[in-house]
Amino acid sequence: MDGAGLPQVRSTCPYCGVGCGVLLRPDGAGGLGVEGDPAHPANRGRLCSKGMALGQTVGLEERLLAPRVDGVETGWDTALDLVATRFSETIAKHGPDSVAFYVSGQLLTEDYYVANKLMKGFIGSANIDTNSRLCMASTVAGHRRAFGTDTVPGIYDDLEEADLVVLVGSNMAWCHPVLFRRLAAARAERGTKVVVVDPRRTATCEIADLHLKLRPGTDVALFNGLFAHLREVGALDMRFLLEHTTGFDEAFRAASADQIDATGLAAGDVARFYRMFAATERTVTVFSQGVNQSSTGSDKVNAILNCHLATGRLGQPGQGPFSVTGQPNAMGGREVGGLANMLAAHLDLEDAGHRAAVRSFWSAPAMAESAGLKAVEMFRAVGDGRIKALWIAGTNPAVSMPDADAVRDAIRGCAFTVVSDITARTDTARLADVLLPATGWGEKDGTVTNSDRTISRQRPALPAPGQARHDWAIFAEVGRRMGWAEAFDYRAPAEIFREHAALSKIAGGFGRDFDISGLADLSDAGYEALEPVRWPVSANRTGGRFFGDGRFFTPDGRARLIPVRQAAPATRRSPRYPFRLNTGRTRDQWHTMTRTGLAPRLSRHLAEPFLQIHPSDAETVGLEPAGLARVTSPQGSAILRVLISEDAAIGAPFAPMHWTGETASAGRVDALVAPMTDAVSGQPESKASAVAVTPF
Ligand code: SF4
Numbered sequence: 016m017d018g019a020g021l022p023q024v025r026s027t028c029p030y031c032g033v034g035c036g037v038l039l040r041p042d043g044a045g046g047l048g049v050e051g052d053p054a055h056p057a058n059r060g061r062l063c064s065k066g067m068a069l070g071q072t073v074g075l076e077e078r079l080l081a082p083r084v085d086g087v088e089t090g091w092d093t094a095l096d097l098v099a100t101r102f103s104e105t106i107a108k109h110g111p112d113s114v115a116f117y118v119s120g121q122l123l124t125e126d127y128y129v130a131n132k133l134m135k136g137f138i139g140s141a142n143i144d145t146n147s148r149l150c151m152a153s154t155v156a157g158h159r160r161a162f163g164t165d166t167v168p169g170i171y172d173d174l175e176e177a178d179l180v181v182l183v184g185s186n187m188a189w190c191h192p193v194l195f196r197r198l199a200a201a202r203a204e205r206g207t208k209v210v211v212v213d214p215r216r217t218a219t220c221e222i223a224d225l226h227l228k229l230r231p232g233t234d235v236a237l238f239n240g241l242f243a244h245l246r247e248v249g250a251l252d253m254r255f256l257l258e259h260t261t262g263f264d265e266a267f268r269a270a271s272a273d274q275i276d277a278t279g280l281a282a283g284d285v286a287r288f289y290r291m292f293a294a295t296e297r298t299v300t301v302f303s304q305g306v307n308q309s310s311t312g313s314d315k316v317n318a319i320l321n322c323h324l325a326t327g328r329l330g331q332p333g334q335g336p337f338s339v340t341g342q343p344n345a346m347g348g349r350e351v352g353g354l355a356n357m358l359a360a361h362l363d364l365e366d367a368g369h370r371a372a373v374r375s376f377w378s379a380p381a382m383a384e385s386a387g388l389k390a391v392e393m394f395r396a397v398g399d400g401r402i403k404a405l406w407i408a409g410t411n412p413a414v415s416m417p418d419a420d421a422v423r424d425a426i427r428g429c430a431f432t433v434v435s436d437i438t439a440r441t442d443t444a445r446l447a448d449v450l451l452p453a454t455g456w457g458e459k460d461g462t463v464t465n466s467d468r469t470i471s472r473q474r475p476a477l478p479a480p481g482q483a484r485h486d487w488a489i490f491a492e493v494g495r496r497m498g499w500a501e502a503f504d505y506r507a508p509a510e511i512f513r514e515h516a517a518l519s520k521i522a523g524g525f526g527r528d529f530d531i532s533g534l535a536d537l538s539d540a541g542y543e544a545l546e547p548v549r550w551p552v553s554a555n556r557t558g559g560r561f562f563g564d565g566r567f568f569t570p571d572g573r574a575r576l577i578p579v580r581q582a583a584p585a586t587r588r589s590p591r592y593p594f595r596l597n598t599g600r601t602r603d604q605w606h607t608m609t610r611t612g613l614a615p616r617l618s619r620h621l622a623e624p625f626l627q628i629h630p631s632d633a634e635t636v637g638l639e640p641a642g643l644a645r646v647t648s649p650q651g652s653a654i655l656r657v658l659i660s661e662d663a664a665i666g667a668p669f670a671p672m673h674w675t676g677e678t679a680s681a682g683r684v685d686a687l688v689a690p691m692t693d694a695v696s697g698q699p700e701s702k703a704s705a706v707a708v709t710p711f
């Protein structure tokens, strides 16, 4: 069928936190042409390999098209009544904390908002957490400790306006490719210096003037050393420190007590980095999963923030610490409070005044009073029977959680599990008592927020297939059937967005950062036509950077420097498990490949699970190039293709986390990862598990 003449749809890529705009051209036969949107501020028309292959991922062959109960197709009424009844009965018998939602950074803000409202305001528990916990929870914790709120100070343009960009634990070339291209283009044009801090040599190092291949997990020592150096050479901004911060003395004392030797770096390389940082006012420090996925992730974040606060380098063009998120809507999830320790609109769950305001706004009958279970704790509670009814939406924890075998067994043993997803073929969906068909990218309708706070519309270009429904509609329908008809009487995502924006006005009234009250009166047509817009959006201001005025969201308006000390990863090595396993993404796959696995051209890049290992380690354990290795940890084992490379860190091989399957030969790497977490953020330590490596 000739689709010429079908309208072009402006939407957003569903993968990484860059949040590229896409133009979708439906062909009229269920297919989609996809190209970059030249008008979107994040990508200006560019797309990476994953974005360009989106059109290959919209086929219906693997889609879940009707609700299923115990594997048998049924109607929505039967499935939804069962979900509402089982959740209500469980709450009545065992209390609100006996149920949990585990959601996803793939959900749209409107989906997240409704799920969070249902759990925190009506069920009366904060047991809603998200796979974003695995992505950037340490950044949230670090931001809140330093700034008083989870605020990203800068914008993408800062990477192009900086004279020095420091990339810490970030393989931006593969994980945020379009942002990397923007940085590479700026570097070519204006000579931006680039420093990469990473135990592994990655594709990102191709544009690095300096690669600091530090020992895994020693970022705090590196940045504490930098802090001490900045004072020594007189590079501190004393006026900024005196007028706009607290905690300098304690933070400096802690920093001075650390030894740079812990990093294992050559003194000359460290000195060169410190000189560059001290001498360059326009410096942006980008950090990502290498910082966050650590048992000291929050401290790593604050060690970086301390250096920017001590030099007053934030809130101005080309300056600032910059967290880049892994997922398309990790930021939107944070905005609606979709983490177990947050309230909506960046309000604090621990603050009675904030809780009362949200309770009143929602007319909520049973407001959560304290933090719920974070992801790792949540699945432990599922495993030991404290959680008796679980709803997993748009994610695959049986593969992606640390200690994935134990998580899979916990879900299997849960008294009642609901999974809403686009397919029945994930490892998690196979374990569900009730499977609910959700709309996917290309069909979904709502908003997402990218890493620089830009809110963009995801618009539908294809009809919902079969009986699939939007996630917000499924959560709302269950809320209605649980007895809260009025509170969940949504008919369209625009209604939810307006409510979300109106709630943010209350947050603004409390002096919080997240304020999109300027969008609270959007008409349906205005919502439909909404252009990408960076928050805040209020009567007072729109978009731009935070903290240029030196005012922070703490009670006294000052930023806090946080004393942090270098500490070893929580997971201990032993003679039996002598290596540290680093896990992460490859260039062309996404999460557990539910979508990217459908695009043949994406599998051509790296077609099978592998272990990248340094030649000296390979020789020690007797591995042959392109042979097979068995990698074993106390949690599980995986069989991986051997890739011997000097790019790997000595003692710390790397394996990608995308592959799924029941057996060790499937290369399910998160089955190896220890369920150790950062004590502040609850984020798992996904890059430092103790493992043994042997030939297979
Ligand atoms: Fe999508 Fe990220 Fe690639 Fe942009 S850079 S096209 S958002 S995966």
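Numbering (the numbering used here), first residue to last: 16 to 711.
Cβ coordinates follow ideal geometry from the N, Cα and C atoms, glycine included.
Roughly how many whole angstroms lie between the Cα atoms of Asp52 and Gly45? Here the alpha carbons of Gly45 and Asp52 stand approximately 21 Å from one another.
Considering only heavy atoms of ligand 1, list every residue whose Cβ is less than 7 Å from one of them, following chain order. With the cut-off at 7 Å, the residues found are Cys28, Tyr30, Cys31, Val33, Gly34, Cys35, Asn58, Leu62, Cys63, Lys65, Gly66, His191, Pro192, Val193, Leu194 and Pro343.
Within this structure, are the beta carbons of Ser147 and Gly348 separated by less than 8 Å? With contacts defined as CB atoms closer than 8 Å, Ser147 and Gly348 qualify as a contacting pair.
Cβ of Val493 within 8 Å of Cβ of Ala99? yes
Provide the residue span of the alpha helix (DSSP H) that contains Val129, from first to last. Thr124 to Lys132
Candidates Glu365, Pro380, Val235 and Phe376: which alpha carbon is nearest Asn321's? Val235
Give me whichever residues DSSP pairs with Lys208 in a beta bridge. Leu179
For Glu661, collect the residues of the same chain with a Cβ closer than 8 Å to its Cβ; drop the 5 residues on either side in sequence, then sort them by chain order. Arg216, His629 and Pro630
Classify Gln331 as helix, strand or coil using the three-state DSSP reduction. coil
Rounded to a whole number of angstroms, what is the C-alpha to C-alpha distance between Glu176 and Arg560? A direct Cα-Cα distance of roughly 13 Å separates Glu176 from Arg560.
Would you call the stretch 256–274 and the stretch 570–581 in contact, with 3 or more CB pairs under 8 Å? yes
DSSP-derived helix/strand/coil call for Val706: strand
Pick out whichever of Ala488, Ile407, Asp424 and Pro480 has its Cα sitting closest to the Cα of Val449. Ile407
Measuring alpha carbon to alpha carbon, tell me which of His485, Ile402 and Ala325 ends up nearest Leu244. Before going further, note that residue 244 is His rather than Leu in the sequence given. Distances from the CA of His244 to each of His485, Ile402 and Ala325 were compared; the closest alpha carbon is that of Ala325.
Glu77 to Val434, Cα distance in whole Å? 16 Å
Burial state of Gly333 (16 or more Cβ within 10 Å): Per the 10 Å Cβ criterion, buried.
Which residue's Cα is closest to the Cα of Asp436: Gly110, Pro192 and Thr410? Thr410
Looking at Asp603: is its Cβ nearer than 8 Å to the Cβ of Arg549? no
Please report the distance separating the alpha-carbon of Asp504 from that of Ser103. 19 Å
From Arg427, Val463 and Leu451, pick the residue whose C-alpha is nearest to that of Thr438; which is it? Leu451
Please confirm whether Arg474 and Ser26 have their CB atoms less than 8 Å apart. Contact flag set, yes.
Measure the alpha-carbon distance for Asn317 versus Ala500 and round it to whole angstroms. 44 Å
With DSSP as the reference, label Ile712 as helix, strand or coil. Look at the range of the chain in this structure, 16 to 711, and you will see that residue 712 is not part of it.
Taking the alpha-carbon positions, what's the Ala544 to Arg401 distance? 45 Å
I need the straight-line Cα distance from Leu596 to Leu133, nearest angstrom please. 38 Å
Ser185 beta carbon less than 8 Å from that of Val339: yes
With DSSP as the reference, identify every bridge partner of His226, one or two as the case may be. Val211
Considering only the alpha carbon of each residue, which of Lys459, Phe302 and Val708 lies closest to Pro590? Closest by alpha carbon: Val708.
Below 8 Å on the Cβ atoms is my contact criterion, and I expect Ile470 with Trp487 to pass it. Report the Cβ-Cβ distance as a whole number of Å. No, Ile470 and Trp487 are not in contact; Cβ-Cβ is about 16 Å, not under 8 Å.
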